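One line per chain: the protein sequences are P and X, in this order. According to the numbering used here, the first sequence is numbered sequentially starting from 1. According to the numbering used here, the second sequence is numbered sequentially starting from 1. Below is one structure, written out as structure tokens, with a few remarks after it.
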Amino acid sequence: MAVLAKARGDELEALWSAIPEPPAYRFLRKPETGLAMVRGRIGGTGQAFNMGEMTMTRAAVQMTGEAGEAIAGFAHAAGRNQRHAELAAAFDAMLQDGRWHALVKKGVVAPLAEAQAGAKKRQATDTAKTRVEFFTLVRGE
Amino acid sequence: MYVAVKGGERAIDAAHGMLDRARRGDPKVPEISLDQISEQLALSVDRVMTEGSVYDRELAALAIKQARGDLVEAIFLLRAYRATLPRLAVTKPIETGGGTVRRRISATFKDVPGGQVLGPTFDYTHRLLDFTLAAEGRAQVHPPDEATVSLDPTPRVADVLNQEGLIEAIPQGDEPDGDVTREPLRFPASRSVRLQNLARGDEGFLLAMGYSTQRGYGRNHPFAGEIRLCDVEVEIVPEELGFPVVIGEMTVTECEMVNQFKGSATVPPQFTRGYGLAFGESERKAMAMALVDRALRAEELDETVSAPAQDQEFVLYHSDSVEASGFVQHLKLPHYVDFQAELNLVRRMRGEAAE
Chain P
1 MAVLAKARGD ELEALWSAIP EPPAYRFLRK PETGLAMVRG RIGGTGQAFN MGEMTMTRAA
61 VQMTGEAGEA IAGFAHAAGR NQRHAELAAA FDAMLQDGRW HALVKKGVVA PLAEAQAGAK
121 KRQATDTAKT RVEFFTLVRG E
Chain X
1 MYVAVKGGER AIDAAHGMLD RARRGDPKVP EISLDQISEQ LALSVDRVMT EGSVYDRELA
61 ALAIKQARGD LVEAIFLLRA YRATLPRLAV TKPIETGGGT VRRRISATFK DVPGGQVLGP
121 TFDYTHRLLD FTLAAEGRAQ VHPPDEATVS LDPTPRVADV LNQEGLIEAI PQGDEPDGDV
181 TREPLRFPAS RSVRLQNLAR GDEGFLLAMG YSTQRGYGRN HPFAGEIRLC DVEVEIVPEE
241 LGFPVVIGEM TVTECEMVNQ FKGSATVPPQ FTRGYGLAFG ESERKAMAMA LVDRALRAEE
301 LDETVSAPAQ DQEFVLYHSD SVEASGFVQH LKLPHYVDFQ AELNLVRRMR GEAAE
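Have a look at this one:
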């Protein structure tokens with residue numbers, strides 16, 4: 001779910017349209033945009049305080065599983081992209097369906113996770129090169 | 001008192017038309033896109049998100065474009081939009097110690113565990129105008145080289161001091177004492193409420209207040225214990241799921257100031273601390289906030305409250321740019337009846353004096 005939430009909406013759209021005959025779903029909860037109050041901690045580790053809000057969109061869909069059972073998929077994603085939340089919820093439901101699980105895991109979640117890890121690694125590399133060793137000078141030697 | 005005035009619809013429409021044209025500027029110059037604002041004026045976006053109190057780069061970029069680059073006006077626009085959205089969730093407290101660090105410096109220990117990492121900083125630039133940026137398309141961007149270097153984990157400076165008991169412990173708790181967006185301020189305000197107020201507060205105001213503490217208005221001798229710019233995951237616990245899920249990532253800047261001592265008959269002297277936290281890359285804001293947070297703890301630490309920055313009511317009631325700019329700008333509204341009364345009064349007084 002974290003990988004789907006952190007992906008961009010257009011990435012999910014492209015991956016969705018690459019699925020041949022995607023399953024039908026209906027909304028349990030239509031995409032809804034609102035705010036999440038973000039909390040920080042005093043001193044980074046102490047008592048919580050309300051820092052400010054962040055936009056988020058949530059959605060829930062329902063699909064019919066292999067044995068005719070109802071499968072619910074949920075999504076909660078930062079931002080206001082309603083299609084993003086809808087598709088993330090649909091993928092979440094597919095991941096719980098034996099017929100789709102492997103395909104979505106391998107074809108959707110894995111490449112997104114890899115791209116996200118790659119971006120993190122590039123940034124970490126960039127950052128690490130700005131590490132500095134300060135030294136103090138002794139005067140009057 | 002101002003009274004309702006009628007009329008002027010056509011003039012107002014024309015003025016707004018003129019505003020639209022002024023916003024667009026010379027039509028021969030290409031129009032700026034929200035992506036361009038978000039990517040290339042990123043620190044303006046960060047400030048508007050922080051003080052507008054909504055983390056959404058696209059909305060902040062739109063507000064900046066609509067406000068013609070007036071950041072205080074953009075903050076107002078974002079606050080107004082915020083008021084139209086329902087609150088769907090409250091996040092778990094973000095863990096700035098667990099984020100991906102992009103900058104981390106300490107002015108207290110040169111060999112700080114985890115190292116000094118400069119990140120994308122204006123520090124050590126010469127502040128000379130770079131005319132290569134003026135030549136369109138000729139700005140030099142150095143591509144990152146691909147050598148893999150890893151970062152060590154970066155423990156907190158406060159934790160280092162804490163090992164020896166040299167710094168005060170901070171109060172714990174998973175719930176804030178209040179929410180200034182839901183309840184009016186009451187005094188004395190708790191530290192968690194004060195921090196929420198300061199997080200939304202005007203950077204210029206907090207900068208001046210923080211500066212005043214350094215210049216002696218409120219005895220306050222700080223060290224920048226740690227400044228950290230990092231990307232953190234944001235988690236909520238949706239009621240329908242009952243377990244935490246990550247909704248996305250955000251960039252925050254954190255500053256912990258280490259200040260002079262406080263001790264008592266039972267507790268030996270310890271460093272005290274002030275804390276600042278802001279959305280995006282907002283280092284000056286986070287530092288100023290940490291100074292003011294510490295100053296506002298005067299009463300709690302048995303210090304004399306003598307300077308403006310130590311006065312809760314003074315600071316917390318005047319920190320909000322939306323309120324401040326609203327009240328200052330309301331002076332533009334018609335005050336014709338008020339003024340007429342004063343005119344009459346001054347004429348009568350002059351008349352009486354002449355008799």
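Each residue gets a CB set at the ideal place from its N, CA and C atoms; glycine is no exception. Owing to the predicted nature of the structure, the values given are computational and were not obtained by experimental measurement.
So, is H76 of chain P buried or exposed, given that buried needs 16 or more other C-beta atoms within 10 angstroms?
buried
Alpha helix (DSSP H) segment containing H76 of chain P, residue limits:
Not the alpha helix (DSSP H): H76 of chain P falls in the beta strand (DSSP E), residues 70–78.
Per DSSP, which residues does L105 of chain X bridge with? Please list them.
According to the sequence as given, residue 105 of chain X is Ile; it is not Leu. For I105 of chain X, which the question treats as bridged, DSSP gives the partners X:I227.
Just grab the DSSP bridge partners of F27 of chain P for me.
P:V61
Ends of the beta strand (DSSP E) at I247 of chain X?
245–262
Is A110 of chain P buried or exposed, if buried means 16 or more other CB atoms sit within 10 Å of its CB?
exposed
Quick one: is R26 of chain P near chain X, going by C-beta distance under 8 Å?
no
Taking the alpha-carbon of R200 of chain X as reference, which of X:L301, X:F76, X:I170, X:P27 has the nearest alpha-carbon?
X:F76
Got a sec: which bits of the segment 161–174 of chain X sit with their beta carbon under 9 Å from any beta carbon on chain P, in order along the chain?
A169, I170, P171, Q172, G173, D174
Coarse secondary structure for N81 of chain P, derived from DSSP in three states
DSSP places N81 of chain P in coil when its eight states are reduced to three.
Within-8 Å CB hit, Q36 of chain X to chain P:
Closer than 8 Å: no.
Could you say if the segment 302–315 of chain X and the segment 202–214 of chain X meet the contact criterion of at least three C-beta pairs nearer than 8 Å?
yes
Starting from Q270 of chain X and walking both ways along the alpha helix (DSSP H), at which residues does that stretch end?
No alpha helix (DSSP H) contains Q270 of chain X, which is instead part of the beta strand (DSSP E) from 270–279.
If you measure from the beta carbon of L35 of chain P to each beta carbon in chain X, is any gap under 8 Å?
yes
Does the count of Cβ pairs from the segment 219–229 of chain X and the segment 103–116 of chain X closer than 8 Å reach three?
yes
Identify every residue that forms a DSSP beta bridge with N50 of chain P.
P:R39
So does the segment 266–282 of chain X actually touch the segment 44–51 of chain X, counting three or more Cβ pairs closer than 8 Å?
yes
Run through chain P and tell me which residues come within less than 7 Å of T251 of chain X, C-beta to C-beta.
Simply none; closest approach about 11 Å.
Terminal residues of the beta strand (DSSP E) in which V90 of chain X lies
87–90
Counting only runs that start and end within the segment 152–176 of chain X, where is the alpha helix (DSSP H) found for 4 or more residues in a row?
157–163
Please state whether DSSP places R8 of chain P in a helix, a strand or coil.
coil
Rounded to whole angstroms, what is the Cα-Cα separation between P238 of chain X and V246 of chain X?
10 Å
Close beta carbons around P176 of chain X, own chain, < 6 Å, minus the five adjacent residues each side:
These residues qualify, in order along the chain: S192.
In terms of alpha-carbon separation, which member of X:V180, X:V232, X:N259, X:M250 lies closest to R219 of chain X?
X:N259
Minimum C-alpha distance to R131 of chain P - residue among X:K285, X:P153, X:L129, X:G204:
X:P153
Three-state class that DSSP yields for E233 of chain X in the structure shown:
strand
Just to confirm, are I71 of chain P and A93 of chain P a CB contact at a threshold of 8 Å?
In this structure, A93 of chain P lies closer than 8 Å to I71 of chain P by Cβ.
Three-state secondary structure (DSSP) of T96 of chain X
Three-state DSSP puts T96 of chain X in a helix.
Relative to the C-alpha of D174 of chain X, which candidate in P:L12, P:A48, P:E21, P:A115 has its C-alpha closest?
P:A48
Using the beta-carbon of each residue, which ones in chain P are nearer than 7 Å to A372 of chain X?
For chain X, the structure presents residues 1 to 355; residue 372 of chain X sits outside this window and is missing.
Contact list for V104 of chain P against chain X, beta-carbon separation under 9 Å
Within chain X, no residue comes near V104 of chain P; the closest Cβ sits about 17 Å away, beyond 9 Å.
Is the CB of T45 of chain P under 8 Å away from at least one CB in chain X?
yes
Can you grab the Cα-Cα spacing for the pair G34 of chain P / E114 of chain P, in whole Å?
29 Å
In the structure shown, what three-state DSSP assignment does Q116 of chain X receive?
strand
How long is the line joining the alpha carbons of M56 of chain P and G79 of chain P, rounded to whole angstroms?
Straight-line Cα distance between these residues: approximately 5 Å.
For R156 of chain X, which residues in chain P fall below 9 Å Cβ to Cβ?
G43, G44, T45
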